[in-house]
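Asker: From first to last, the protein sequence lines are chains A, B and C. Its first residue numbered 1, the first sequence is counted upward by one per residue in full-length UniProt numbering. Its first residue numbered 1, the second sequence is counted upward by one per residue in full-length UniProt numbering. Its first residue numbered 1, the third sequence is counted upward by one per residue in full-length UniProt numbering. Built from N, CA and C at the ideal position, the CB exists for glycine as well. The structure displayed is predicted, hence computed values, not measured ones.
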Amino acid sequence: MDFLSELTGTLLAQMQKPTLAFLIGGMLLAAMSSRLELPEPVYKLVVMLLLLKVGMSAGISVREAELVALAVPGILAVIAGVSIVLIGRMTLVRLRGVAEMDGMATAGLFGAVSASTLAAGMAMLDDAGIAYEGFIGAIYPFMDVAALLTAIIMARMAAERRAARSDVSQGGVAVIGSGGAGGGPAIDWALIRSILVDTIRSPAISALLLGLGLGLFARPDSVFESFYEPLFRGLLSILMLMMGFEAWNRLGEMRRVAHVYVFYGLLAPLIHGLIGLGMGLVAHELTGFSLGGVVLMAVMAASSSDISGPPTLRGALPEANPSAYIATSTGLGTPAAILSIPLWVALAEAFIGG
Amino acid sequence: MDFLSELTGTLLAQMQKPTLAFLIGGMLLAAMSSRLELPEPVYKLVVMLLLLKVGMSAGISVREAELVALAVPGILAVIAGVSIVLIGRMTLVRLRGVAEMDGMATAGLFGAVSASTLAAGMAMLDDAGIAYEGFIGAIYPFMDVAALLTAIIMARMAAERRAARSDVSQGGVAVIGSGGAGGGPAIDWALIRSILVDTIRSPAISALLLGLGLGLFARPDSVFESFYEPLFRGLLSILMLMMGFEAWNRLGEMRRVAHVYVFYGLLAPLIHGLIGLGMGLVAHELTGFSLGGVVLMAVMAASSSDISGPPTLRGALPEANPSAYIATSTGLGTPAAILSIPLWVALAEAFIGG
Amino acid sequence: MDFLSELTGTLLAQMQKPTLAFLIGGMLLAAMSSRLELPEPVYKLVVMLLLLKVGMSAGISVREAELVALAVPGILAVIAGVSIVLIGRMTLVRLRGVAEMDGMATAGLFGAVSASTLAAGMAMLDDAGIAYEGFIGAIYPFMDVAALLTAIIMARMAAERRAARSDVSQGGVAVIGSGGAGGGPAIDWALIRSILVDTIRSPAISALLLGLGLGLFARPDSVFESFYEPLFRGLLSILMLMMGFEAWNRLGEMRRVAHVYVFYGLLAPLIHGLIGLGMGLVAHELTGFSLGGVVLMAVMAASSSDISGPPTLRGALPEANPSAYIATSTGLGTPAAILSIPLWVALAEAFIGG
Numbered sequence: 001m002d003f004l005s006e007l008t009g010t011l012l013a014q015m016q017k018p019t020l021a022f023l024i025g026g027m028l029l030a031a032m033s034s035r036l037e038l039p040e041p042v043y044k045l046v047v048m049l050l051l052l053k054v055g056m057s058a059g060i061s062v063r064e065a066e067l068v069a070l071a072v073p074g075i076l077a078v079i080a081g082v083s084i085v086l087i088g089r090m091t092l093v094r095l096r097g098v099a100e101m102d103g104m105a106t107a108g109l110f111g112a113v114s115a116s117t118l119a120a121g122m123a124m125l126d127d128a129g130i131a132y133e134g135f136i137g138a139i140y141p142f143m144d145v146a147a148l149l150t151a152i153i154m155a156r157m158a159a160e161r162r163a164a165r166s167d168v169s170q171g172g173v174a175v176i177g178s179g180g181a182g183g184g185p186a187i188d189w190a191l192i193r194s195i196l197v198d199t200i201r202s203p204a205i206s207a208l209l210l211g212l213g214l215g216l217f218a219r220p221d222s223v224f225e226s227f228y229e230p231l232f233r234g235l236l237s238i239l240m241l242m243m244g245f246e247a248w249n250r251l252g253e254m255r256r257v258a259h260v261y262v263f264y265g266l267l268a269p270l271i272h273g274l275i276g277l278g279m280g281l282v283a284h285e286l287t288g289f290s291l292g293g294v295v296l297m298a299v300m301a302a303s304s305s306d307i308s309g310p311p312t313l314r315g316a317l318p319e320a321n322p323s324a325y326i327a328t329s330t331g332l333g334t335p336a337a338i339l340s341i342p343l344w345v346a347l348a349e350a351f352i353g354g
Numbered sequence: 001m002d003f004l005s006e007l008t009g010t011l012l013a014q015m016q017k018p019t020l021a022f023l024i025g026g027m028l029l030a031a032m033s034s035r036l037e038l039p040e041p042v043y044k045l046v047v048m049l050l051l052l053k054v055g056m057s058a059g060i061s062v063r064e065a066e067l068v069a070l071a072v073p074g075i076l077a078v079i080a081g082v083s084i085v086l087i088g089r090m091t092l093v094r095l096r097g098v099a100e101m102d103g104m105a106t107a108g109l110f111g112a113v114s115a116s117t118l119a120a121g122m123a124m125l126d127d128a129g130i131a132y133e134g135f136i137g138a139i140y141p142f143m144d145v146a147a148l149l150t151a152i153i154m155a156r157m158a159a160e161r162r163a164a165r166s167d168v169s170q171g172g173v174a175v176i177g178s179g180g181a182g183g184g185p186a187i188d189w190a191l192i193r194s195i196l197v198d199t200i201r202s203p204a205i206s207a208l209l210l211g212l213g214l215g216l217f218a219r220p221d222s223v224f225e226s227f228y229e230p231l232f233r234g235l236l237s238i239l240m241l242m243m244g245f246e247a248w249n250r251l252g253e254m255r256r257v258a259h260v261y262v263f264y265g266l267l268a269p270l271i272h273g274l275i276g277l278g279m280g281l282v283a284h285e286l287t288g289f290s291l292g293g294v295v296l297m298a299v300m301a302a303s304s305s306d307i308s309g310p311p312t313l314r315g316a317l318p319e320a321n322p323s324a325y326i327a328t329s330t331g332l333g334t335p336a337a338i339l340s341i342p343l344w345v346a347l348a349e350a351f352i353g354g
Numbered sequence: 001m002d003f004l005s006e007l008t009g010t011l012l013a014q015m016q017k018p019t020l021a022f023l024i025g026g027m028l029l030a031a032m033s034s035r036l037e038l039p040e041p042v043y044k045l046v047v048m049l050l051l052l053k054v055g056m057s058a059g060i061s062v063r064e065a066e067l068v069a070l071a072v073p074g075i076l077a078v079i080a081g082v083s084i085v086l087i088g089r090m091t092l093v094r095l096r097g098v099a100e101m102d103g104m105a106t107a108g109l110f111g112a113v114s115a116s117t118l119a120a121g122m123a124m125l126d127d128a129g130i131a132y133e134g135f136i137g138a139i140y141p142f143m144d145v146a147a148l149l150t151a152i153i154m155a156r157m158a159a160e161r162r163a164a165r166s167d168v169s170q171g172g173v174a175v176i177g178s179g180g181a182g183g184g185p186a187i188d189w190a191l192i193r194s195i196l197v198d199t200i201r202s203p204a205i206s207a208l209l210l211g212l213g214l215g216l217f218a219r220p221d222s223v224f225e226s227f228y229e230p231l232f233r234g235l236l237s238i239l240m241l242m243m244g245f246e247a248w249n250r251l252g253e254m255r256r257v258a259h260v261y262v263f264y265g266l267l268a269p270l271i272h273g274l275i276g277l278g279m280g281l282v283a284h285e286l287t288g289f290s291l292g293g294v295v296l297m298a299v300m301a302a303s304s305s306d307i308s309g310p311p312t313l314r315g316a317l318p319e320a321n322p323s324a325y326i327a328t329s330t331g332l333g334t335p336a337a338i339l340s341i342p343l344w345v346a347l348a349e350a351f352i353g354g
């Protein structure tokens, strides 16, 4: 009872914090059909500056971090990303009305990470005065790439198996995988390589890696402290506004896809967040990963990719219907993930006793 | 004599202040046909950030304001907005060469409020260290909506009367107003509702209301103080530059409309400003409205809408010629209003003795 | 040996400084075909803000500067700009595979000044705590306009001479220059005037002159200190990123032009920088021009115009192939000039003994 009322209090107070308030404000504007619009170039600039900031701050921290303290949450992030996709494969993809390709793409997107949701989590921890490892930004790509790779490879292998089966039934000779012969599909290294390259070239991961590189190998501290760090919250408030707006407008598209996507879009962030929270707590036990770090691991797992994921999936799985996975992720998954951030703070505090 | 030399001194000093200096700089650039251009997306971003700031700061202040202190200037603002349109109906619309629709649209635009002119007034008061009520931003929509509603309803009713008359003369049956029958045109509630909805959905009023809502119901203070407040003057300087540029380029269009528009565009801001100053002085007597508040009431009345008004009028009065009302407002009204701000400061100080 | 190791140390340390690190980061992103892009409107805004800042800061300084201290580096800057074009005329234009028009346009572009390179130089001196004259920004247009005028006039006169010769060989009557008659080509005042007007109207020079005017005749100090000055480094980092990106992508175009352009693009910045350094040292002897001022004179001379020059040349010399001069300047000249800034710092310190 005491825990519940405390949780409710925390949730209500968080809704008034700038990050969530701007997200909800954007949804309200879209709901009343406001003509306020933030043009695409501004969106691209804001995202780039936020990711450079997250990357640089991670890079600067990695310089001083111990390898073990870094590797343990990194490996756990990979496990979280892969698990989320496997769970999606076993639940969403088996449901009625869900095409296999659409389901795998959606599971991949929900396993991948949203940079803006991560940034929102960081801003809310800063607001609350909760410390977290500076290198968290460097863990993001591990979970992100692991999930996208798993989803795309499983979807491609399933498609080839189907194609092989229909070839056999037509009396043809089955050729599974690009270099595969009998026994089962071989690992398609060319596919893995092309997905990796495509992910690295995506605007979000490029900006993050650039920031990481600058933080690691250069000394960007002066411009970081005079520009990227002070503008962080303000730019994030603009981004939240746009994401709320976009989320509301995407909801309309949900009508055209199976109803199960609605349930997945709303429930998956909570279940995935719990997986991330669990991984974070394991890291806390093993290497003393901080309370803030545990929260951000949950936030990353709960989030679904909104910038880099969609184009990567569109390129790798052209048969999947973007209305299904993008609308579910942007219209439901992202606001659900952002709005659930206070929950992870409350739960992490309950478990670790911050 | 002493008053005049003091006034001249104030005016000259104000021309050097950033706000006016950037406006004049923009006009000079346009006059020398510079190819410097600030792209549309940047303009939209700057306007949105300024209006969010004005709205948030008003919302934060309204939280602590007394209802009477707020309601009195609000009602006086409505009176000012309506009066300005009625004066335009009795002067501009009756002049030779002015089509009734064009004249009413122009009067509506000059009664509505320019957010950028208001922001310029605030920055100039800040510069001069003159205090004003924080909730002023919340009064803006009262004057703005009152003026637009009055102008559009009067123009529509006049058009229906004309149509009815020509129907009668052709032997048809007169149907006045949507639900009206004989006696005179009934109030068209559907029209009023559609104008209100359209105004609220306009980018400027949306952004202002969002800011107000955030200030009232959320706690955006941290991002307000770290981002919106410090960037305010800089963003305003960019906007002033663009408005000076735009004003000069619009002047060319004036050649295509009746000469009386030139007189109206230059004189109306002064006369309307005096009306606003009067309303402000009444509020000063009644509720102790501050000297800065009186100045800003005059600034709002003197200004003509440049962001939200034009599209609203274009939608509601498609028969009116945009060259007439937009060129008069943006080319003459807005620079005249901004350049006259120091005059309202000087007059308010003379009356109240700040 | 000691000097060399010190030079290498300075160079390596400078590569890690934000300015160069972001430039190199942009090149790496382009090299790995990242899809990160900074839209055109953002680029225009960033350039405008940087040039307004450089101009305002120069204007504010000019208010207090002595005429002689200003005129001497100004005249030396003109000499440097003209010399660079004459050297280009005597070397690049005479080489095999170089069309006369293309060579003159390239020489003009390398004589003109890059605002972003100058800004990078200023930021690096600020970083190193090396003082320089505030009015340097006011010297920029002298070198820039002198070089562009010289190149365009020489190219136009050569073209007319060629046309006259072919006219003569066809039995026609030679008419040289617009008002010229026999003896040699007369000075074409109309051409000079049109180049001057075109340069002044170019976005870069417009923004710089506006800033200068604001600094000289207005009091923009409050907005300068609260907005333009603090954002300078951050905006510069964004610009450097874009310039590195652009430089790498332009390199591909170099394949289509003669190989000598590669040598010119890499060597010219070094030789021109030495000329600028020499001029700066003369000013140092004559008027006590500061060490930082000497460095910036070298930086201006080493740089090649990237914003205002190309469109001016395209308008004035339509026969020249933009692939040749823009690719050489943007792809090689600009990165070479920016990367050589630490060299001018080291050399100026060696000569003056800062």
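1) Using a C-beta to C-beta distance shorter than 7 Å, which residues of chain B count as neighbours of A:K17?
2) In this structure, how does DSSP classify A:F135 when only helix, strand and coil are distinguished?
3) Can you give me the Cβ contacts of A:I79 inside the same chain, cut-off strictly under 6 Å, excluding the 5 residues immediately before and after it?
4) Counting only Cβ pairs nearer than 8 Å, list the residues of chain A close to C:L38.
5) Counting only beta-carbon separations shorter than 8 Å, does residue 355 of chain A have a partner in chain C?
6) Label B:W248 either buried or exposed according to how many other C-beta atoms from any shown protein chain fall within 10 Å of its C-beta, with 16 as the threshold for buried.
7) Is the separation between the beta-carbon of A:N321 and that of A:D102 shorter than 8 Å?
8) Considering only the beta carbon of each residue, do A:F110 and A:A268 sit closer than 8 Å?
9) Between A:A207 and chain C, is the shortest Cβ-Cβ distance under 8 Å, so that the two count as touching?
10) By Cβ distance, which residues of its chain are closer than 6 Å to A:L12, with the 5 residues on each side in sequence left out?
11) Where do the ends of the alpha helix (DSSP H) carrying A:M254 lie?
12) Below 7 Å on C-beta distance, what does A:P41 contact in chain B?
13) For the candidate residues A:A337, A:I152, A:P335 and A:E64, whose alpha-carbon lies nearest to that of A:R89?
14) Just mark B:M32 as buried or exposed, buried being the case when its beta carbon has 16 or more other beta carbons within 10 Å.
15) Mark B:E246 as exposed unless 16 or more other C-beta atoms lie within 10 angstroms of its C-beta, in which case mark it buried.
16) Taking the straight line between their C-alpha atoms, what separation do you get for A:A327 and A:L339?
17) In the DSSP assignment, find the unbroken alpha helix (DSSP H) run with A:I205 in it and report its ends.
18) Applying a beta-carbon distance threshold of less than 7 Å, which residues of chain C neighbour A:V223?
19) Measuring CA to CA, which of B:G293, B:A155, B:P220 and B:S323 is closest to B:I352?
20) Looking at chain C, is there any beta carbon in it that lies within less than 8 Å of the beta carbon of B:E246?
21) Using the Cβ count rule (16 or more neighbours within 10 Å means buried), how would you classify B:A181?
22) Between the beta-carbon of A:R35 and the beta-carbon of B:R201, is there less than 8 Å?
23) Compare the beta carbon distance of C:A159 and C:V82 with 8 Å and say whether it is the shorter of the two.
24) For A:L210, decide whether its Cβ has a neighbour in chain C, counting only Cβ atoms nearer than 8 Å.
25) Using 8 Å as the limit for Cβ to Cβ distance, is A:I200 near chain C?
26) Using DSSP with H/G/I as helix, E/B as strand and the rest coil, what is B:R63?
27) Could you tell me which chain C residues have their CB closer than 7 Å to the CB of B:D127, listed as they occur along the chain?
28) Whole angstroms are fine: how far does the CA of C:M104 sit from the CA of C:A155?
29) Please tell me whether A:S34 has its Cβ less than 8 Å away from any Cβ of chain B.
30) Take A:L49 as the anchor and find which of A:L209, A:L76 and A:V62 has the nearest alpha-carbon.
31) Note down, in chain order, every chain C residue with its Cβ under 9 Å from the Cβ of B:P230.
32) Check whether the segment 189 to 207 of chain A and the segment 125 to 133 of chain A touch, using three or more Cβ-Cβ pairs below 8 Å as the test.
Answerer: Quick look at the numbers:
1) R219
2) coil
3) none
4) K44, L45 and M48
5) Any question about residue 355 of chain A goes unanswered here, given that chain A covers just 1 to 354.
6) buried
7) yes
8) yes
9) yes
10) none
11) That residue, A:M254, is in no alpha helix (DSSP H); it is neither H nor E in DSSP.
12) P41
13) A:I152
14) exposed
15) buried
16) 17 Å
17) P203 to F217
18) P18, R233, G234 and S237
19) B:G293
20) no
21) Because B:A181 sits at a pLDDT of 43, beneath the cut-off of 50, its placement in the model cannot be relied upon, and the following sentence gives the value as read from the coordinates. Answer is exposed; the Cβ neighbour count stays below 16.
22) yes
23) no
24) yes
25) yes
26) coil
27) S222
28) 6 Å
29) yes
30) A:L209
31) S226, F227 and P230
32) no
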